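Novice: For the record, the sequence lines run as chains X and D. Under my numbering, the first residue of the first sequence carries the number 27, and numbering increases by one thereafter. Under my numbering, the first residue of the second sequence carries the number 27, and numbering increases by one thereafter. Just so you know, even glycine gets a beta-carbon here, dropped at the ideal spot from N, CA and C. Since this is a predicted model, take the numbers as computed values, not measurements. Got a structure for you, written out below as C-alpha cells; questions coming shortly.
There are 2 protein chains.
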Amino acid sequence: MNSITTFEEHLDKYHGKQGTESRVKFDTKSLAFRLGVMLQEARKEANLTQEELAIKTGTKKSYISRIENGKSDIQLSTFYKLIEFGLGKPLNISIG
Amino acid sequence: MNSITTFEEHLDKYHGKQGTESRVKFDTKSLAFRLGVMLQEARKEANLTQEELAIKTGTKKSYISRIENGKSDIQLSTFYKLIEFGLGKPLNISIG
DNA sequence: TGTAAGGTTAACTAATTAGTGAATTTCATT
DNA sequence: AATGAAATTCACTAATTAGTTAACCTTACA
C-alpha cells in the first residue's frame with residue numbers, strides 16, 4: 027500500500043468535499059490518519075497481525091483497526107503503548 | 027530549568043516510591059511529563075505566556091498549565107494544536 | 001511591602017476515547 | 001469457488017480528557 031496515494035484520497039474526501047469543516051478539525055483528522063498509516067506500516071514491518079499486536083498491548087483487534095484507519099483521535103499514551111510495548115520500537119516526538 | 031534533573035525527580039517520585047504502579051502507567055506519566063517540559067520550553071522560546079498560548083489555541087491558561095506539568099494524558103490532536111497552531115512550530119513524530 | 005502578571009490547583013460538566021463482543025467483509029490460498 | 005485468517009464496522013458502557021470558572025500561589029519589581 028502506498029501511504030501518499032491513500033493520504034491524497036483523504037485530502038479529497040475531507041478538504042475537497044465537505045468544505046465547511048474547520049482547519050483544526052481537518053488537521054486533527056489528517057494527523058490521526060497519518061499516525062494510523064505509520065502504525066500499520068510499522069506493524070507490518072514487525073510481522074504482526076492486528077490481533078497479535080492487540081494481545082501484546084492488552085487490547086482488542088477491533089480497536090487496533092480503528093486506530094490504523096484514523097477513526098479516532100487517540101491519546102499520546104495509547105500510541106506510545108502500541109509502538110513501544112507492542113512493536114518494541116522507539117516513538118520519537120520532537121518540536122521544530 | 028534543566029529538563030533532565032526535573033525528570034529524575036519524577037523518576038524518583040513514581041518509580042522509587044510508589045512501587046506497585048504498572049510499567050505502562052508509569053511510562054504514561056513519564057511521557058506526559060516529558061511532553062509537558064517540551065511544550066513549556068518551546069513556549070518560552072516563542073516568548074509567549076500560558077495565557078497568550080491559550081488564547082491563540084482557543085483554550086484557557088489553566089489547561090495549558092495542567093499540560094505543561096504533565097497532569098493529564100492528552101490527545102495527540104491537543105498536543106499538535108498547541109505546537110502547530112499555538113507556537114507555529116512543526117511537531118515531528120516518527121517510529122524507530 | 002503592595003501590586004500585578006504569570007502560573008497552579010480544585011471542582012465541575014460535556015464530550016470523547018478506551019475497551020469490548022459480535023457480526024460482517026476482505027483477502028489470500030488452495 | 002470455498003475456506004479460513006485477517007481486518008473492518010457497529011453498538012454499547014465506563015473511564016478519561018477537554019474545557020471552563022474561580023480561587024489561590026509565586027514571582028518581579030516599582
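So which residues on chain X does Lys107 of chain D lean against when the C-beta distance must stay under 9 Å?
Specialist: Within chain X, the residues near Lys107 of chain D are Val50, Asp53, Thr54.
Novice: Determine, using beta carbons only, whether Ile121 of chain D comes closer than 7 Å to chain X.
Specialist: So yes, Ile121 of chain D belongs to the interface.
Novice: One question on the structure: do Ile93 of chain X and Gln76 of chain X come within less than 7 Å of each other, judged by their Cβ atoms?
Specialist: Not in contact: Ile93 of chain X and Gln76 of chain X (Cβ atoms no closer than 7 Å).
Novice: According to the neighbour-count rule (16 or more other Cβ atoms, all chains shown, within 10 Å of its Cβ), is Thr31 of chain X buried or exposed?
Specialist: With a pLDDT of 36 at Thr31 of chain X, under the threshold of 50, the modelled position of that residue is not reliable, and the figure given next carries that caveat. With fewer than 16 Cβ atoms within 10 Å of its Cβ, Thr31 of chain X is classed as exposed.
Novice: Going by DSSP, what residue range makes up the alpha helix (DSSP H) through Ile90 of chain D?
Specialist: Segment 87 to 94, the alpha helix (DSSP H) holding Ile90 of chain D.
Novice: To which residues does DSSP link Leu117 of chain X through a beta bridge?
Specialist: According to DSSP, which records beta bridges pairwise, Leu117 of chain X is partnered with D:Ile121.
Novice: Using beta carbons (cut-off 7 Å, strictly below), is Lys87 of chain D in contact with chain X?
Specialist: No, because no Cβ of chain X sits closer than 7 Å to the Cβ of Lys87 of chain D.
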